[in-house]
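In my numbering, the protein residues as written are 2 to 278.
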């Protein structure tokens with residue numbers, strides 16, 4: 002089996018769109034019908050359950066299908082079968098996979114989220130934003146009051162370190178970094194909460210080789226001092242803070258706020274830019 006890399010266009014959430022239907026070579030056309038059918042069904046299950054990406058499915062599911070089903074269904078004739086052109090089935094499988102994976106990605110955060118002991122109760126739009134002083138990776142203190150004296154402030158409250166790095170947080174931070182030009186006139190604060198022990202190490206791991214502009218501030222919230230003060234503590238196993246996005250004007254008033262009780266559904270850059278004062 003040969004997969005042409007040119008036919009795969011990866012989305013930000015890690016899934017892949019099948020660019021054309023002749024993804025598989027003539028080996029697919031020679032597969033027994035039962036093998037192809039079993040491959041499609043088992044693959045759709047893997048995609049819908051979130052256990053495999055389409056690339057893994059196409060690679061592993063194809064092999065598993067041949068080895069396990071060829072022996073079982075080898076007696077089923079393929080000559081003259083109306084599904085002899087297996088590419089039609091692969092095309093149908095591709096379309097179903099895309100639809101299934103899209104809905105799965107949208108629901109992924111909700112499916113994994115454990116309920117907290119208390120719902121979030123963050124400051125509301127129109128209220129004064131409570132000041133904070135948090136340390137960045139260089140050991141410098143970053144305060145909300147000082148930042149609002151320069152410009153409006155965009156705040157991203159991440160899940161930080163709930164026992165692993167949060168992929169949704171990486172995606173959100175990546176978007177805000179990739180669209181830094183749209184945010185060049187504001188201060189952007191990214192807050193990384195978690196247990197104080199080893200939090201700095203985990204934060205450096207999360208940052209990796211990302212390059213942060215001078216108006217971006219990546220700060221730590223050890224033992225949830227900020228998270229608790231802002232009513233954002235997500236007190237549940239493998240959770241830290243309810244993911245949130247705020248826009249604070251230069252009077253230190255909140256002009257936009259979004260807090261979610263799942264891992265996904267974060268505010269994007271376009272939404273934030275539209276709310277800037």
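For every residue, glycine included, the Cβ atom is placed at its ideal position computed from N, Cα and C.
Start and end residues, beta strand (DSSP E) containing residue i
| i | result |
| --- | --- |
| residue 119 | First-last for residue 119: undefined, no H or E at that position. |
| residue 259 | 255 to 260 |
| residue 246 | 245 to 249 |
| residue 221 | 217 to 223 |
Separation of residue j from residue i, as counted between CA atoms
| i | j | result |
| --- | --- | --- |
| residue 183 | residue 248 | 14 Å |
| residue 211 | residue 180 | 13 Å |
| residue 216 | residue 132 | 18 Å |
| residue 160 | residue 223 | 12 Å |
| residue 240 | residue 117 | 8 Å |
| residue 228 | residue 242 | 6 Å |
| residue 153 | residue 236 | 30 Å |
| residue 175 | residue 218 | 14 Å |
| residue 168 | residue 208 | 12 Å |
Span of the alpha helix (DSSP H) around residue i
| i | result |
| --- | --- |
| residue 171 | 168 to 179 |
| residue 201 | 200 to 208 |
| residue 126 | No alpha helix (DSSP H) holds residue 126; DSSP gives it neither H nor E. |
| residue 274 | 270 to 276 |
Nearest candidate by alpha-carbon position, reference residue i, set the options
| i | options | result |
| --- | --- | --- |
| residue 140 | 185, 221, 216, 208 | 221 |
| residue 270 | 177, 203, 242, 257 | 177 |
| residue 275 | 200, 260, 256 | 256 |
| residue 1 | 200, 225, 164, 158 | Look at the range of the chain in this structure, 2 to 278, and you will see that residue 1 is not part of it. |
| residue 170 | 153, 272, 191, 278 | 191 |
| residue 226 | 124, 121, 197, 164 | 197 |
| residue 250 | 127, 142, 119 | 127 |
| residue 273 | 213, 185, 201, 214 | 185 |
Spatial neighbours of residue i in its chain, beta-carbon cut-off 6 Å, leaving aside the 5 residues before and after
| i | result |
| --- | --- |
| residue 195 | 161, 162, 241 |
| residue 146 | 132 |
Proximal residues to residue i (C-beta, below 8 Å), its chain only, five neighbours per side dropped
| i | result |
| --- | --- |
| residue 205 | 138 |
| residue 230 | 131, 133 |
| residue 281 | In the structure as shown, the chain starts at 2 and stops at 278, and residue 281 therefore has no counterpart that could be examined. |
Same chain only: Cβ atoms within 7 Å of residue i, ignoring 5 sequence neighbours per side
| i | result |
| --- | --- |
| residue 234 | 225, 228, 242 |
Exposed unless 16 or more other CB atoms sit within 10 angstroms - verdict on residue i
| i | result |
| --- | --- |
| residue 268 | buried |
| residue 122 | exposed |
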